Amino acid sequence: MNKKTIFWDVDTQFDFMKPEGALYVPGAEEIIDKVSEVRRFALENSYSILSDVDWHRWENPEIAEQPDMETTFPPHCMAGTPGAERIGDLGDVPIDTVEIDEADLEELRELTEKD
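Going by the numbering used here, the first residue of the sequence shown is number 1, and it counts up by one from there.
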């Protein structure tokens with residue numbers, strides 16, 4: 001494993017990357033093949049891949065039926081739905097999932113502020 005370099009894969013999910021997705025980013029589908037190519041390169045060369053994803057629940061304050069598109073958004077990447085699925089070739093690699101809720105993030109912020 002190459003310890004000096006990681007590939008960081010951010011929010012490459014159906015709802016963002018596909019035109020029929022709930023919060024589509026225009027043109028995102030054009031990079032799906034390139035994202036898959038980068039993942040394959042990383043795996044073939046023993047680089048670590050760190051991925052983060054949106055994984056919302058209805059009670060998340062960011063989700064709104066009538067979003068303002070600044071601080072609230074339509075339902076997207078809802079936990080366990082096809083819209084939350086990652087796109088492209090993920091490669092043959094075990095995926096470890098770590099879910100962090102807001103309380104954990106606040107505790108982490110407090111700990112880092114103490115240093």
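Note that beta-carbon positions come from the ideal geometry of N, C-alpha and C, so glycine has one too. What you are looking at is a predicted structure, and each value in this text was computed from that prediction instead of being measured.
Close-in-space but distant-in-sequence residues of the same chain around residue i (CB under 6 Å, 5 per side omitted)
i	result
D33	none
E70	none
Beta bridge counterpart(s) of residue i as assigned by DSSP
i	result
F7	I49
H56	M78
Neighbourhood of residue i by C-beta, 7 Å cutoff - its chain only, sequence neighbours within 5 removed
i	result
G80	none
P82	F14
Spatial neighbours of residue i in its chain, beta-carbon cut-off 8 Å, leaving aside the 5 residues before and after
i	result
V10	S51, D52
P19	E29
Alpha-carbon spacing of residue i relative to residue j, whole angstroms
i	j	result
F14	F7	20 Å
Q66	E44	44 Å
Assigned exposure category for residue i - 16 Cβ within 10 Å defines buried
i	result
D54	buried
T12	buried
* Asked: On the three-pair Cβ rule with 8 Å, is the stretch 60-77 touching the stretch 36-47?
  -> By the criterion of at least three beta-carbon pairs nearer than 8 Å, the stretch 60-77 is not in contact with the stretch 36-47.
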